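In what follows, a structure is listed as structure tokens, so that the remarks can point back to it.
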Amino acid sequence: MVTRAGRGHHRRTQGSGGLLPHVWPAIRDVLLPRGCAGCDRPDEVLCPDCRALFGGCHERELQGCISGSAYAAAIYQGFARHAILDWKDHDDVELDGPFAEIVTDVLRRSNLPESLAATLKEDTARGPVLVVPAPSSRQSTRRRGRRHLMPLAMALADALCDMGIDAIPARVLASTAGGGRSVQQVSSAQRAQRIGGHIEAVSLPDMPLKGAVTVLVDDIITTGSTLRQCVAALRGAGAIPVGALALAHAVVRYGSEEEDDSYTPVPGTSRGSRMGSTSSTTPQMSGRTPSGVM
Ligand SMILES: [Zn+2]
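Numbering (UniProt numbering), first residue to last: 1 to 294.
Here it is as structure tokens:
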């Protein structure tokens, strides 16, 4: 059965300035029932089986932030990878809802709410918590025609508010990189090199960064280089990064070109054995909540 998932050309038709651009989505939905963005199963945005792939809370080391960790919902492979690429590269906006739900689920499973609340009590810290999307290159943003991480940042801020932690989405990081091809087409090492050193903090008049407690959100963690750049940029502006959340992370193969990452999973080690676990929080983390800010 032909469905719409993963068929980027159907979506591009919408923006091509062709006939009846405003009614095309409705016509398309009748003519071409959509398929799951992961596995193409008919009539689903993200089927239960693919949704279940995002049910984890995988911890990655993220140095320089209060919790020391980033958390991802899934491993970046197979149908999970396919769904994310459909969302970010083929503009499947119907995934905004499921992915917002997924990333807020990871927030709840992680120790970040606890770390954020503790950090806000520090004398030098200020709320509301800023939920900061990792920046895309200007070229990627232009190609997508939208900032795809903003719906996730908004959902996270809402979820934190529901937990009694005042939070707002805050686009305070920008990429000065020229952009280029998607991660689908370049290796993560190339991507890290391209973005590396090209993320800067943007101080907005109504959103001063000094002392601002922040949590980062990204779609995919590959080498971790992007998030490390984000942490460095936030710290450089006087903000207090506490941790990060992502939809998925790439498991780094030992001996691969991505070995430069600060974390390489090795089976049998305590950290390696947590990989693939769908358990909730990591008890080891509770002792790492902030005792002093920066
Ligand atoms: Zn599916």
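The C-beta atom is built at its ideal place from N, Cα and C for all residues, glycine as well. Only a predicted model underlies this, so the values are computations on that prediction, with no experimental measurement involved.
- Within the same chain, Cβ atoms closer than 6 angstroms to the Cβ of M154 are found at P169, the five residues on either side in sequence being excluded.
- One residue list follows from the rule of a beta carbon closer than 6 angstroms to any heavy atom of ligand 1, given in chain order as C36, G38, C39, R41, C47, D49, C50 and F79.
- Taken atom to atom, the span from the alpha-carbon of S140 to that of V103 is near 22 angstroms.
- T222 is positioned such that its CB atom lies no closer than 8 angstroms to that of L130.
- Judged by pairs of C-beta atoms under 8 angstroms, the region 206–213 touches the region 239–248, as three or more such pairs exist.
- Pairing D206 with A246 gives a Cβ-Cβ distance that is not under 8 angstroms.
- Each of A52, A233, E200 and A157 was checked against the Cα of D166, and the nearest Cα belongs to A157.
- Annotation for E200: no alpha helix (DSSP H) segment contains it, though the beta strand (DSSP E) segment containing it runs I199 to A201.
- Ranked by Cα distance from A250, the options A244, I220 and A83 are led by I220.
- Under the 10 Å beta carbon count, V252 is surrounded by 16 or more other beta carbons and is classified as buried.
- Rounded to the nearest whole angstrom, the C-alpha separation of A83 and D123 is 42 angstroms.
- Per the DSSP secondary-structure output, M207 pairs in a beta bridge with L204.
- Per DSSP, the unbroken beta strand (DSSP E) holding R60 starts and ends at H58 to E61.
- Look at the region 111–163 and you find these whole runs of alpha helix (DSSP H), each 4 residues long or longer: 112–120, 138–144 and 150–162.
- For A244, no alpha helix (DSSP H) segment is defined; the enclosing uninterrupted segment is the beta strand (DSSP E) at I240 to H249.
- Non-local beta-carbon contacts of D92 in its own chain, meaning distances under 6 angstroms to residues more than five positions away in sequence, involve A37 and D86 in chain order.
- In the structure shown, the three-state DSSP call for G78 is helix.
- Assignment of V217 by DSSP, reduced to helix, strand and coil, places it in the strand class.
- Judged by pairs of C-beta atoms under 8 angstroms, the region 66–85 touches the region 110–121, as three or more such pairs exist.
- Judged by their CB atoms, A134 and L227 are nearer to each other than the 8 angstroms cut-off.
- A check of alpha carbon separations from E200 across N111, S175 and G224 identifies S175 as the nearest.
- Rounded to whole angstroms, D89 and G145 show a C-alpha spacing of 11 angstroms.
- Straight-line spacing of the CA atoms in A70 and L62 works out to 6 angstroms.
- When DSSP states are grouped into helix, strand and coil, S69 belongs to the strand group.
- Note that the C-beta distance between Y76 and A248 is below 8 angstroms.
- In this structure, the alpha-carbon of L95 lies about 30 angstroms from that of A232.
- Distance from the CA of G97 to the CA of G197, rounded to the nearest whole angstrom, comes to 32 angstroms.
- For the pair C57 and L107, the Cα-to-Cα distance works out to about 9 angstroms.
- Less than 8 angstroms divides the Cβ of P151 from the Cβ of A100.
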